[in-house]
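For reference, the structure is listed below as structure tokens.
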Amino acid sequence: MKKIILFLTLLFSLTISAQETKQFVETYTIGKSIEKDGSSSEWNSVGEVRIFFNYRSDSKSVRMYTDTGVRDFKQIGATIKGKTSSGMDYNLLELYNVLDGTLIKLAYYSDTRYGVMIIFEDGSGMQLTN
């Protein structure tokens, strides 16, 4: 009986630890703006933009540090996995700013050279990378 209880306790603790979400951060230093029609600017320095995914181990929380301040976002719905027309994998998150309710979409690319793309409510956006 003791062995069964020990086994169940171990199994339960492994299940709980497997469900924990780890926070990770990506830092970007260059970016370009993207117009609604798809045209984009040249790459420019953006200072340092740090994006914390799974902020404080919350899988629905994203925190963004920029030169202009801190913005906290919460994810709406599930993460959408997709591929670009050239075959690049990405995860798409729909997020809302917890302070003002502004909605954005954030595409996080599997190839770090492509960084992230942020799409604003009006259809314009920006891409950040290094």
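Those letters in the sequence shown? Residues 2 to 131, per the working numbering, in order. Glycine included, C-beta positions come from ideal geometry on N, C-alpha and C. Predicted model, so just to flag it, every value in this text is computed and none were measured.
Taking the alpha-carbon of residue i as reference, which of the options has the nearest alpha-carbon?
{"i": "Ile81", "options": "Val26, Gln128, Lys106", "result": "Lys106"}
{"i": "Lys75", "options": "Leu94, Tyr66, Asp90, Asp68", "result": "Leu94"}
{"i": "Val26", "options": "Gly32, Ser41, Ile52", "result": "Ile52"}
{"i": "Asp123", "options": "Val99, Thr103, Ser60, Thr28", "result": "Thr103"}
{"i": "Ala108", "options": "Gly126, Val99, Val50, Thr28", "result": "Gly126"}
{"i": "Asp38", "options": "Gly32, Ile120, Thr28, Gly78", "result": "Ile120"}
{"i": "Thr113", "options": "Lys23, Thr28, Gln24, Thr22", "result": "Thr28"}
{"i": "Tyr66", "options": "Thr30, Ser111, Ile35, Thr22", "result": "Thr30"}
{"i": "Asn78", "options": "Ile35, Lys61, Thr69, Tyr91", "result": "What sits at residue 78 in the sequence shown is Gly, not Asn. Out of Ile35, Lys61, Thr69, Tyr91, Lys61 has the C-alpha closest to the C-alpha of Gly78."}
{"i": "Tyr91", "options": "Ile35, Val117, Val50, Arg64", "result": "Val117"}
{"i": "Gly32", "options": "Ser42, Lys23, Gln24", "result": "Ser42"}
{"i": "Met89", "options": "Tyr115, Leu129, Gln128", "result": "Tyr115"}
{"i": "Ser58", "options": "Leu96, Asp101, Gln24", "result": "Gln24"}
{"i": "Ser111", "options": "Thr130, Leu100, Asp101", "result": "Thr130"}
{"i": "Val63", "options": "Ile35, Val50, Leu96", "result": "Leu96"}
Tell me where the beta strand (DSSP E) around residue i begins and ends.
{"i": "Tyr29", "result": "25-35"}
{"i": "Ser46", "result": "45-54"}
{"i": "Asn92", "result": "90-98"}
{"i": "Lys75", "result": "70-84"}
{"i": "Glu64", "result": "Residue 64 is actually Arg in this sequence, not Glu. Element bounds for Arg64: 62-67."}
{"i": "Tyr115", "result": "Tyr115 -> no beta strand (DSSP E), and no H or E assigned at all."}
What are the partner residues of residue i, as DSSP defines its beta bridges?
{"i": "Thr130", "result": "Ile31"}
{"i": "Ser41", "result": "Ile35"}
Could you tell me how far apart the beta carbons of residue i and residue j are, in whole angstroms, since I believe they sit closer than 8 Å?
{"i": "Asn98", "j": "Arg72", "result": "6 Å"}
Whether or not the stretch 43-50 and the stretch 77-91 are in contact is what I'm after, with contact meaning three or more pairs of Cβ atoms, one per stretch, closer than 8 Å; do they touch? Flag = no, the stretch 77-91 and the stretch 43-50 do not touch.
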